[in-house]
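J.: Under our numbering, think of the first position of the sequence shown as 274, with each following residue one higher.
From the three backbone atoms N, C-alpha and C, an ideal C-beta is built for every residue, glycine too.
Encoded as structure tokens, here's the structure I'll be asking about.
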Amino acid sequence: MATGGKFYYQANEKALCFHGPLMYEAKVLKAEIWSPETHPSAVPGPHYFVHYKGWKQTWDEWVPEERLKKYNDENLKQQKMLVEAQRARDAAERAAEAKADALAEAERKAKSAASGGGGGSGTGTGPGVASGSGSGSAAGAAAGAPGAGGRREEKRGQKRGRDGEGEEEYLKRPEIKISIPDALKGQLVDDWEAVTKNNQLVKLPRDPNVDIILEEWNKFHQNEEPETRRLTAEVSAGLRLYFNKALGNNLLYRFEREQYATKIKEEAAKSGHEVEVSSIYGAEHLLRLFVNLPELLAHTSMDPETVTVLKLHMSAFLSWMTLNKQILFSSTYENTSSAYQNNNKG
Numbered sequence: 274m275a276t277g278g279k280f281y282y283q284a285n286e287k288a289l290c291f292h293g294p295l296m297y298e299a300k301v302l303k304a305e306i307w308s309p310e311t312h313p314s315a316v317p318g319p320h321y322f323v324h325y326k327g328w329k330q331t332w333d334e335w336v337p338e339e340r341l342k343k344y345n346d347e348n349l350k351q352q353k354m355l356v357e358a359q360r361a362r363d364a365a366e367r368a369a370e371a372k373a374d375a376l377a378e379a380e381r382k383a384k385s386a387a388s389g390g391g392g393g394s395g396t397g398t399g400p401g402v403a404s405g406s407g408s409g410s411a412a413g414a415a416a417g418a419p420g421a422g423g424r425r426e427e428k429r430g431q432k433r434g435r436d437g438e439g440e441e442e443y444l445k446r447p448e449i450k451i452s453i454p455d456a457l458k459g460q461l462v463d464d465w466e467a468v469t470k471n472n473q474l475v476k477l478p479r480d481p482n483v484d485i486i487l488e489e490w491n492k493f494h495q496n497e498e499p500e501t502r503r504l505t506a507e508v509s510a511g512l513r514l515y516f517n518k519a520l521g522n523n524l525l526y527r528f529e530r531e532q533y534a535t536k537i538k539e540e541a542a543k544s545g546h547e548v549e550v551s552s553i554y555g556a557e558h559l560l561r562l563f564v565n566l567p568e569l570l571a572h573t574s575m576d577p578e579t580v581t582v583l584k585l586h587m588s589a590f591l592s593w594m595t596l597n598k599q600i601l602f603s604s605t606y607e608n609t610s611s612a613y614q615n616n617n618k619g
């Protein structure tokens with residue numbers, strides 16, 4: 274390990290560290306000089322092992338010197354400017370999505386009026402087929418995500434309702450679209466290919482798991498207004514609940530089911546009690562949930578205002594996942610044995 278004056282940052286020094294487009298307060302734990310001989314795939318030069326303030330140790334990482342900034346007033350101002358710029362970008366994206374949703378709703382109403390209110394025509398514009406209309410859901414269906422596309426198609430045009438409500442009341446519910454960022458659409462495709470084409474599996478249990486991810490999302494908002502923190506906590510709790518309920522029925526490929534059954538038993542045996550799947554699975558399967566959420570939420574009785582708030586928080590969460598993609602998602606899947614493949618084909 275290099276020592277002394279070779280390093281611009283010293284052990285235990287407080288600094289600001291870039292992670293994606295934003296900077297976070299961090300503490301330098303140790304420093305090393307990396308060379309092509311010791312780290313062939315890395316940029317040679319000083320590297321620092323940092324801990325992000327308020328984050329679990331599982332997020333600690335080695336970073337090159339260019340990702341660090343001195344902790345001073347000038348760089349703190351830059352940090353604040355980056356946050357404000359990111360919020361402005363997020364707000365612009367949400368405004369564009371809201372405008373698109375409003376136009377789609379106006380078009381739906383116009384078509385409904387032109388056809389005499391025949392909401393059961395199966396045009397794909399009503400909330401009953403939301404999972405096939407939003408850009409995020411379309412990406413999931415194209416990737417072959419579990420529960421996406423096929424099953425929903427079979428129900429188009431059917432008169433459906435909840436708790437005996439009429440078709441017209443069902444179709445009047447606000448449509449829920451979740452736009453998945455392009456980077457995460459690519460993740461969905463890669464995930465589908467690894468499991469269904471390459472016969473590989475996500476290594477379980479995942480670290481970070483869904484519980485940790487949602488906890489870090491809440492911490493990310495710890496300096497926000499109380500109302501924002503409250504809503505973030507509610508959305509996080511809802512995502513966790515939906516994930517634990519939906520994973521076994523909707524979010525697994527057939528090839529993964531044996532692994533699921535085995536891991537549930539193993540983790541329960543370790544802990545001595547039944548475990549939630551949110552403590553076993555990670556970002557790969559959590560992302561699949563967002564493909565299915567429009568369909569799942571279409572069966573709830575949320576008012577338009579609640580739907581709008583929910584969509585804003587979902588969009589913000591997916592943006593945060595995109596920024597932290599390298600940390601949240603596994604870069605490698607584990608290979609399976611010939612016996613496992615033979616038992617789980619079809």
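I'd like to confirm something about residue 565: is its beta-carbon nearer than 8 Å to some heavy atom of the ligand NAD, or not?
T.: For the ligand NAD, the structure offers nothing, since it holds no ligand at all.
J.: Suppose the cutoff is 6 Å on Cβ atoms and the five residues either side in sequence are ignored; what does the same chain contact list for residue 615 look like?
T.: Here the question's residue 615 lines up with position 342 in the sequence shown. There are no such residues.
J.: Let me make sure I understand the geometry here. Which of 297, 283, 282 has the alpha-carbon closest to that of residue 289?
T.: Position 16 of the sequence shown, counted from the first residue, corresponds to residue 289. Nearest of 297, 283, 282 to residue 289, Cα basis: 297.
J.: Just reading off the alpha helix (DSSP H) that residue 600 is part of, what are its end residues?
T.: The count along the sequence shown starts at 1 and reaches residue 600 at position 327. Residues 598-601.
J.: If I measure Cβ to Cβ from residue 501 and keep anything under 8 Å in the same chain, skipping five residues before and after, which residues do I get?
T.: Along the sequence shown, one-based indexing puts residue 501 at 228. Only 494 meet the Cβ criterion.
J.: Cα separation between residue 430 and residue 385?
T.: Indexing the sequence shown from 1 puts residue 430 at position 157. Indexing the sequence shown from 1 puts residue 385 at position 112. For residue 430, the predicted model reports a pLDDT of 45, less than 50, meaning its position is unreliable; a value from the coordinates is still stated below. If I take the Cα positions, the gap works out to 14 Å.
J.: When you compare the CB positions of residue 320 and residue 304, do they come within less than 9 Å of one another, or not?
T.: Here the question's residue 320 lines up with position 47 in the sequence shown. Here the question's residue 304 lines up with position 31 in the sequence shown. Yes, the pair counts as a contact, with Cβ atoms nearer than the cut-off.
J.: In its own chain, which residues sit with a C-beta less than 7 Å from the C-beta of residue 506, not counting the 5 before and 5 after it?
T.: Position 233 of the sequence shown, counted from the first residue, corresponds to residue 506. Answer for residue 506: 491, listed in chain order.
J.: Are any of the Cβ atoms in chain D nearer than 9 Å to that of residue 477?
T.: Note that chain D does not occur in the displayed structure, where there is just one protein chain.
J.: Can you give me the Cβ contacts of residue 326 inside the same chain, cut-off strictly under 6 Å, excluding the 5 residues immediately before and after it?
T.: Against the sequence shown, residue 326 aligns to sequence position 53. Same-chain partners within the cutoff: 298.
J.: Are the stretch 466-473 and the stretch 533-548 in contact at 8 Å, needing three or more beta carbon pairs?
T.: The stretch 466-473 vs the stretch 533-548: no contact.
J.: Run through DSSP, which three-state label would residue 586 get?
T.: By 1-based counting over the sequence shown, the position of residue 586 is 313. In this structure, residue 586 counts as helix in the three-state DSSP scheme.
J.: Just tell me which of 516, 606, 294, 459 has its CA closest to the CA of residue 352.
T.: Taking the first residue of the sequence shown as 1, we reach residue 352 at position 79. Residue 294 is the option with its Cα nearest to residue 352.
J.: Given this structure, state the Cα-to-Cα distance separating residue 379 from residue 571, to the nearest angstrom.
T.: Counted from its first residue, the sequence shown places residue 379 at position 106. Counted from its first residue, the sequence shown places residue 571 at position 298. Approximately 19 Å between the Cα atoms of the pair.
J.: Should residue 558 go down as buried or exposed, given a rule of 16 or more other Cβ atoms within 10 Å for buried?
T.: Indexing the sequence shown from 1 puts residue 558 at position 285. Buried.
J.: Scan the stretch 453-499 and note each continuous beta strand (DSSP E) run of 3 residues or more that stays entirely inside, going in chain order.
T.: Counting whole runs of 3 or more residues, the stretch 453-499 contains no beta strand (DSSP E) stretch at all.
J.: To the nearest whole angstrom, what separates the beta carbons of residue 544 and residue 517, a pair I think is in contact under 8 Å?
T.: Here residue 544 refers to the residue found at position 271 of the sequence shown. Here residue 517 refers to the residue found at position 244 of the sequence shown. That belief does not hold up - the Cβ atoms of residue 544 and residue 517 are roughly 15 Å apart, past 8 Å.
J.: Check whether the Cβ atoms of residue 312 and residue 600 sit closer than 9 Å, and answer yes or no.
T.: Translated into positions along the sequence shown, residue 312 becomes position 39. Translated into positions along the sequence shown, residue 600 becomes position 327. No; because the gap between Cβ atoms is not below 9 Å, this pair is not in contact.
J.: Residue 508 and residue 560 - do their beta-carbons sit closer together than 9 Å?
T.: Counting from one through the sequence shown, the residue named residue 560 turns up at place 287. Counting from one through the sequence shown, the residue named residue 508 turns up at place 235. The answer is no: Cβ separation not under 9 Å.
J.: Assuming contact is defined by CB atoms lying nearer than 9 Å, are residue 282 and residue 334 in contact in what I supplied?
T.: Residue mapping note: residue 282 aligns to position 9 of the sequence shown, counting from 1. Residue mapping note: residue 334 aligns to position 61 of the sequence shown, counting from 1. Contact flag unset, no.
J.: When you compare each of 315, 524, 483 to residue 336 by their alpha carbons, which one comes out closest?
T.: The residue given as residue 336 occupies position 63 in the sequence shown. Residue 336 has its Cα closest to that of 315, out of 315, 524, 483.
J.: Mapping the DSSP letters down to three states, classify residue 537 as helix, strand or coil.
T.: Taking the sequence shown and counting its residues from 1, the one referred to as residue 537 is at position 264. Helix, per DSSP.
J.: Start and end of the alpha helix (DSSP H) containing residue 613?
T.: Taking the first residue of the sequence shown as 1, we reach residue 613 at position 340. From DSSP, the alpha helix (DSSP H) with residue 613 extends over 611-616.
J.: Taking the alpha-carbon of residue 344 as reference, which of 523, 481, 286 has the nearest alpha-carbon?
T.: Indexing the sequence shown from 1 puts residue 344 at position 71. Checking every option, the nearest Cα to that of residue 344 belongs to 286.
J.: Kindly indicate the opening and closing residues of the beta strand (DSSP E) around residue 529.
T.: As a first step, residue 529 is located in the sequence shown; it is residue number 256 there, counting from the start. From DSSP, residue 529 is part of no beta strand (DSSP E); its letter is neither H nor E.
J.: For residue 602, collect the residues of the same chain with a Cβ closer than 7 Å to its Cβ; drop the 5 residues on either side in sequence, then sort them by chain order.
T.: Position 329 of the sequence shown, counted from the start, is the residue given in the question as residue 602. Once the five neighbours on either side are set aside, the close Cβ partners of residue 602 are 460, 556, 557.
J.: Residue 329 and residue 453 - do their beta-carbons sit closer together than 9 Å?
T.: As a working note, residue 453 is residue 180 in the sequence shown. As a working note, residue 329 is residue 56 in the sequence shown. Cβ atoms of residue 453 and residue 329: not closer than 9 Å.
J.: Within the continuous beta strand (DSSP E) that includes residue 291, where are the two ends?
T.: The residue given as residue 291 occupies position 18 in the sequence shown. Its beta strand (DSSP E) spans residues 287-292.
J.: Please classify residue 529 as buried or exposed, where buried requires at least 16 other C-beta atoms within 10 Å of its C-beta.
T.: Indexing the sequence shown from 1 puts residue 529 at position 256. Classification for residue 529: buried.
J.: Given residue 308, which residues of its chain have a CB within under 8 Å of its CB, disregarding the five upstream and five downstream residues?
T.: In the sequence shown, residue 308 corresponds to position 35, counting from 1. Once the five neighbours on either side are set aside, the close Cβ partners of residue 308 are 317.
J.: Rounded to whole angstroms, what's the CA-CA distance from residue 240 to residue 588? Just pull it up for me.
T.: Outside the modelled stretch of the chain, which goes from 274 to 619, sits residue 240, for which no answer is possible.
J.: Rounded to whole angstroms, what is the Cα-Cα separation between residue 355 and residue 362?
T.: Looking up residue 355 in the sequence shown gives position 82. Looking up residue 362 in the sequence shown gives position 89. So the alpha carbons of these two residues sit roughly 11 Å apart.
J.: Can you tell me the Cα-Cα spacing of residue 254 and residue 381, whole angstroms?
T.: The structure shown does not extend to residue 254, since the chain is modelled only from 274 to 619, so the question has no answer here.
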